Amino acid sequence: MNELNFRAPKGTRDILWPDSERHQRLVDIFSAVVGEAGYTQVITPMFEHIEVFQRLGDATDVVRKEMYDFQDKGGRHLALRPEQTASVVRAFAEHRPNIPWKAWYTGPNFRYERAQKGRFRQFSQVGVEALGTEDPYLDVEVMALAWRFYERLGLSQIKLEVNSLGNKDDRVHFMDALSQHFEKYLKDLSEESQKTLEVNPLRVLDSNREQDSDLIASAPSMIDFLSEDAKKHFSLVQEGLDALDIPFIVNSKLVRGLDYYVRTAFEFVAESFDAAQNAVGGGGRYDGLAEDLGGPPTPGVGFAIGSDRTLLACEAEGVFQTLEPVTEVFVVDTTGGLAALSLTDQLRSAGFKTDRAWDNRSMKAQMKAADKSGALIAVIVGEEELATDTVTLRDLRESTDQIEIEKEIIIETLRKRLR
Ligand code: HAM
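Just add 7 to the spot in the sequence shown (first one is 1) and you have the working numbering.
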């Protein structure tokens, strides 16, 4: 058997401590930030009927090239989720919770993309979706939540870009103008973009091929096609961001890679790294999606933040690095191990992070293990302590001070020392 088969598949990775802890803490902080704003967690399946994701747009890379789809044993055509908005809106349409429905989520997504730094085939997101109102200040609320989350992680080099993609009708006019523009210079477009143009001219704007860059730069701008209504919405969004002192720039070329967006679209870009993959989050409004997925017409807005890329940004800025100690108390037992077994159980129940040595090794070997564990205090049980119902506490930090105490006051003594 080929040895390579036992490695994690391309574009996936194993996340071990301390990175695993950072991932978990990132989710904890996110849930705290959005919890303060009344968002409750929704957990949707990791796979759906493929039709759910086809609503992301026939011409999007996500649908055309990147879907992990398969037939199950019952002959259903399913796909691993490439993102969670479609699933969450499908769940909304299925369960019809009261509106406004404000939900948050986390978990892995799957896209068959070209793997590179910050771009994986399995990656994690945290995000929110808010359904049930067209209020432009809700767009501001969700953007502010993402902003406050980055702030709480300690990130300061994040840039917010916003745009309006107009209402559905505005989009049709804009797409006509785009088609005319690109068709005029068809020969100059990359072959790939020529094909994309036939399906959806908007998606040509996503192309990052060098050959297309001049034509994209000279393409018409969505801002010029906004209806009065969409313009008003967009100006209120900007006013709201100003009121919250959230800095942003208007990027009229921002179209996002998914088709469901109308009106507000936004992206968070990490300025701390120069990698191509520096979008750490993005979102927008998707007012027609609930209806497309079998629900009542319901406006919605949300975002998703890429956890993996956000942690790369934290690394680049040198923030969100300090972790809690894994072990606070280490039990050393040279009397056979039974004392350690019950002491660790007792200390863990009292809330101390407690570990111990194994294999009944020498005092010296166990103390070495205690040091290596990073624990702050060693609790030592030797023959003498066992006979007198005492334990010896040894400081493992600055000093090597030690005291012998009655075993029955161990918890209150440790509490005084550690809390
Ligand atoms: P998205 O822009 O496709 O939007 O993804 C959001 C974020 O997920 C990106 O900014 C990026 O940080 C991260 N991400 C995407 N693909 C990868 C990848 N292959 N590897 C690592 N990170 C990645 C959405 O997914 C929409 N559902 C956002 C949304 C929510 N819109 C409305 N509500």
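The beta-carbon is built from N, C-alpha and C at its ideal position, and this holds for glycine as well. Here the structure is a predicted model, which is why all the values come from computation and not from measurement.
- A distance of 9 Å or more separates the beta carbons of residue 208 and residue 228.
- Annotation for residue 166: the continuous beta strand (DSSP E) segment containing it runs 165–171.
- Judged by their CB atoms, residue 295 and residue 273 are not nearer to each other than the 9 Å cut-off.
- By the neighbour-count definition (other C-beta atoms within 10 Å, threshold 16), residue 192 is an exposed residue.
- Straight through space, the alpha carbons of residue 194 and residue 312 are spaced by roughly 37 Å.
- Under the DSSP assignment, residue 57 falls in the alpha helix (DSSP H) whose first and last residues are 57–61.
- Going by C-alpha positions, residue 124 is about 16 Å away from residue 117.
- Annotation: residue 283 to residue 361 spans about 43 Å, alpha carbon to alpha carbon.
- In the DSSP assignment, the residues bridged to residue 108 are 138.
- With a minimum length of 4 residues, the unbroken runs of alpha helix (DSSP H) contained wholly in the stretch 220–290 fall at 220–224, 235–250.
- Counting every other CB atom within 10 Å of its CB across the protein chains shown gives residue 56 a total below 16, marking it as exposed.
- With respect to the 9 Å criterion, residue 308 and residue 137 are classified as neighbours on the basis of their beta carbons.
- Every alpha helix (DSSP H) of 4 residues or more that sits fully in the stretch 166–217 is shown, in chain order, as 175–191, 198–206, 208–211.
- Shown here for residue 156: same chain residues with a beta carbon closer than 6 Å to its own, the five before and five after excluded, namely 37, 40 in chain order.
- Between the C-alpha atoms of residue 231 and residue 71 there is a straight-line separation of about 30 Å.
- Nearest C-alpha to residue 73 among 106, 334, 111, 126: 126.
- Bounds of the alpha helix (DSSP H) holding residue 373 are 370–380.
- Close CB contacts of residue 204 within its chain, under the 8 Å cut and outside five residues either way in sequence, are with 186, 189, 190, 193, 196, 211 (chain order).
- Counting other Cβ atoms within 10 Å of its Cβ, residue 395 stays below 16 and is therefore classed as exposed.
- DSSP, read as helix, strand or coil, puts residue 395 in helix.
- In the DSSP assignment, residue 115 is bridged to 131.
- Scanning the stretch 42–100 from its first residue to its last, the whole alpha helix (DSSP H) runs of 4-plus residues come out as 57–61, 68–71.
- Distances from the CB of residue 116 to the heavy atoms of the ligand HAM include at least one below 8 Å.
- Not a single heavy atom of the ligand HAM lies less than 8 Å from the C-beta of residue 385.
- Nearest C-alpha to residue 182 among 132, 233, 198, 158: 233.
- Between the alpha carbons of residue 100 and residue 301 lies a gap of roughly 6 Å.
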